[in-house]
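A short worksheet on the structure shown next.
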Amino acid sequence: MKTLLQKFRHLFDPIDLTSGKILPSFLAFLIPIVLSMIFQQIYSITDAIIVGQNLSENEIAGINDAIPIANMVLNFSIGCTSGFSVILGNAIGEKNEKKAKESILIQVILSLVISVLMMILSYFLIDPLLALIKITPSSSNPNMQAIYQASKDYLVVLLVFGTMASMLYNLIVSILRVMGDSFTPFLFLVLSTILNIILDLIFVIPLQLGVKGSAIATILSQGIAMILAFLYAFQRYPIFRIHKGEVKITGKDFFHHLTLGIPLGFQWSILFIGVITMSGAVIPFDIISETEMVIGNPAQVGYGVANKLTGLLMGCYSALGTGLLAFFAQNLGAKQYKRIRKGFQLSCYLTIIIALFCFTVGMLLSINGTYQRIFLSSDKITEASIKYGNAYLYVALPFFIPLGFIYVGRNAVQAFEKPFFPLLSGIVELLTRVLVCLYLPPFINKGPIDA
Numbered sequence: 001m002k003t004l005l006q007k008f009r010h011l012f013d014p015i016d017l018t019s020g021k022i023l024p025s026f027l028a029f030l031i032p033i034v035l036s037m038i039f040q041q042i043y044s045i046t047d048a049i050i051v052g053q054n055l056s057e058n059e060i061a062g063i064n065d066a067i068p069i070a071n072m073v074l075n076f077s078i079g080c081t082s083g084f085s086v087i088l089g090n091a092i093g094e095k096n097e098k099k100a101k102e103s104i105l106i107q108v109i110l111s112l113v114i115s116v117l118m119m120i121l122s123y124f125l126i127d128p129l130l131a132l133i134k135i136t137p138s139s140s141n142p143n144m145q146a147i148y149q150a151s152k153d154y155l156v157v158l159l160v161f162g163t164m165a166s167m168l169y170n171l172i173v174s175i176l177r178v179m180g181d182s183f184t185p186f187l188f189l190v191l192s193t194i195l196n197i198i199l200d201l202i203f204v205i206p207l208q209l210g211v212k213g214s215a216i217a218t219i220l221s222q223g224i225a226m227i228l229a230f231l232y233a234f235q236r237y238p239i240f241r242i243h244k245g246e247v248k249i250t251g252k253d254f255f256h257h258l259t260l261g262i263p264l265g266f267q268w269s270i271l272f273i274g275v276i277t278m279s280g281a282v283i284p285f286d287i288i289s290e291t292e293m294v295i296g297n298p299a300q301v302g303y304g305v306a307n308k309l310t311g312l313l314m315g316c317y318s319a320l321g322t323g324l325l326a327f328f329a330q331n332l333g334a335k336q337y338k339r340i341r342k343g344f345q346l347s348c349y350l351t352i353i354i355a356l357f358c359f360t361v362g363m364l365l366s367i368n369g370t371y372q373r374i375f376l377s378s379d380k381i382t383e384a385s386i387k388y389g390n391a392y393l394y395v396a397l398p399f400f401i402p403l404g405f406i407y408v409g410r411n412a413v414q415a416f417e418k419p420f421f422p423l424l425s426g427i428v429e430l431l432t433r434v435l436v437c438l439y440l441p442p443f444i445n446k447g448p449i450d451a
């Protein structure tokens, strides 16, 4: 029993990614991150089930349309904190405690400032962003009005009130992981997931708060997990205990962090601007006329659920990218260049394995629309929703191998403090998505997009 307890305690010990055999140490570091992504997706599935079983078709369509906008804003904060953590990773690799403390303090200050600015901007940009995907108030179309109201309610709660909790939560997770501790963030994510599911059940079913209840559950669970994670880090790691006069930070230090964080934040957001564009291209398939929509919104429902499935599968790549960023950052600080090269080669092999796994799982779940039966109640599934959802999957899944190499390449370049190139690749990806969405459907349809 004592031996088991000691082994469990060792799980909380940071992993030194700069020494030892690469594969065992990297996998030991990566597995908790993969488990974190799985639990995150379990929550997404559970949330979708709770929402799908208890809300109307219009409310579900509203949430599906709002999610890309929410992800665009919230992923900006994730990108920023990931970029900030590169400097801390270098300090950890150098074994430079003073530099590490300075980086942590700067990251906390910047995260607070950026989150406040994002909350203010979100308040004013929600309606314009919804208008971009053709979701607007409509007195003549009750279905459109219901979708608009659901989307706006969800975004106001999640972005205006929840951005700070989300950014600080992602900050502490990024800091712990780049220090080599991936197990502790996993435990706090499990806690957050369980809380989220419990609060979802309470707010959506007995309290009947609808889409607002789902969003409130998310920000409360993240806020609680964030506070507990900071308290744990302060108690567990001395570098979090910063005393007056111990560190000296300058404007140059802030600028250095911003030059890495802001481009990566924009890169993460740019990807979801493309998703928003795709959502805007899907909605017309559900519009019959200015005053009438297809019953059940099958295109939005089918695409939304298929997008959830691909998001779940892409969690594997997100985990790999997160692990690689910490690995490259630490080894760059330690000047272990041969180790970086070997780690990059290993990640390429892992990418191919992950791509084949995702393709197989996605294709199997597309049979008879099985994935839709996971997320939706049977009354919301139609032949049309399966047709639209499967069409998206059959195009998206074959591209998982190049997608994986994009994740590997971007995180490698980002760790070398070259943020311009990942940002440029994100812009190219965005332009491609926009052009394809604007011109390919009309070309195939030989006319305007219609249902």
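One point on numbering: in the working numbering, the residue at position 392 of the sequence shown is 392, and numbering is uninterrupted.
Where a beta carbon is used, it is the ideal one built from N, C-alpha and C, also for glycine.
Taking contact to mean 3 or more Cβ pairs, one atom from each stretch, closer than 8 Å, check whether the segment 212 to 232 and the segment 164 to 176 are in contact. Touching, per the Cβ criterion.
Just tell me which of ALA131, ILE63 and ILE227 has its CA closest to the CA of TYR154. Out of ALA131, ILE63 and ILE227, the CA that lies nearest to the CA of TYR154 is found in ILE63.
At which residues does the alpha helix (DSSP H) containing VAL116 begin and terminate? If you look at VAL116, you'll find it in the alpha helix (DSSP H) that goes 97 to 132.
Expected contact under 8 Å - CB spacing of ALA150 and VAL204 to nearest Å: Beta-carbon to beta-carbon, ALA150 and VAL204 are separated by about 13 Å, too far to satisfy the 8 Å threshold.
Count the other CB atoms within 10 Å of the CB of ARG433; is the residue buried (16 or more) or exposed (fewer)? With a threshold of 16 other beta carbon atoms within 10 Å, ARG433 meets it and is buried.
Assuming GLY274 contacts PHE29 under a Cβ cut-off of 8 Å, what Cβ separation, rounded to an integer in Å, is found between them? Between PHE29 and GLY274 the Cβ distance is about 30 Å, and since that is not below 8 Å, they are no contact.
Taking the alpha carbon of LYS338 as the point to measure from, which residue in LEU309, PRO14 and SER19 has its own alpha carbon closest? It is SER19 whose Cα lies nearest to the Cα of LYS338.
Work out the CA separation of ILE135 and MET118 for me, nearest whole Å. Between MET118 and ILE135, the C-alpha separation is close to 22 Å.
Ordered along the chain, which non-local residues of its own chain (more than five positions away) have a Cβ less than 8 Å from that of ALA229? If we look at ALA229 and ignore the five residues flanking it on each side, its Cβ neighbours are TYR169, ILE172, VAL173, LEU176, THR184, PRO185 and PHE188.
Per-residue DSSP class, three states only, for THR382: If DSSP states are grouped into helix, strand and coil, THR382 belongs with coil.
Counting along the chain, where does the alpha helix (DSSP H) carrying SER366 start and finish? Where SER366 is concerned, the enclosing alpha helix (DSSP H) stretches over 337 to 366.
When you compare only the Cα positions, how much space is there between TYR232 and PRO14? Across the structure, TYR232 and PRO14 are spaced so that their CA atoms are roughly 14 Å apart.
By Cβ distance below 6 Å, which residues in the same chain neighbour ALA306 in space, the five residues on each side in sequence not counted? The beta carbon of ALA306 lies closer than 6 Å to those of GLY389, TYR392 and LEU393 in the same chain, with the five residues before and after it left out.
GLN330 - DSSP class collapsed to helix/strand/coil: In the displayed model, GLN330 falls within a helix according to three-state DSSP.
GLY447, DSSP secondary structure in three states: With a pLDDT of 43 at GLY447, under the threshold of 50, the modelled position of that residue is not reliable, and no figure is offered here.
Rounded to whole angstroms, what's the CA-CA distance from LEU125 to PRO398? Just pull it up for me. Rounded to the nearest angstrom, the gap between the Cα atoms of LEU125 and PRO398 is 35 Å.
Given a threshold of 16 other Cβ atoms within 10 Å of its Cβ, counted over all protein chains shown, does SER140 qualify as buried or as exposed? The residue in question, SER140, is exposed, as its Cβ has fewer than 16 Cβ neighbours within 10 Å.
Mapping the DSSP letters down to three states, classify LEU440 as helix, strand or coil. In this structure, LEU440 counts as helix in the three-state DSSP scheme.
So, are the CB atoms of ILE106 and ILE249 less than 8 Å apart? Cβ atoms of ILE106 and ILE249: closer than 8 Å.
From ALA451 to LEU440, what does the alpha carbon distance come to, in whole angstroms? Below a pLDDT of 50, predicted positions are generally treated as unreliable, and ALA451, at 34, falls in that range; the measurement from the model is reported next regardless. Near 15 Å, if we compare the C-alpha coordinates of LEU440 and ALA451.
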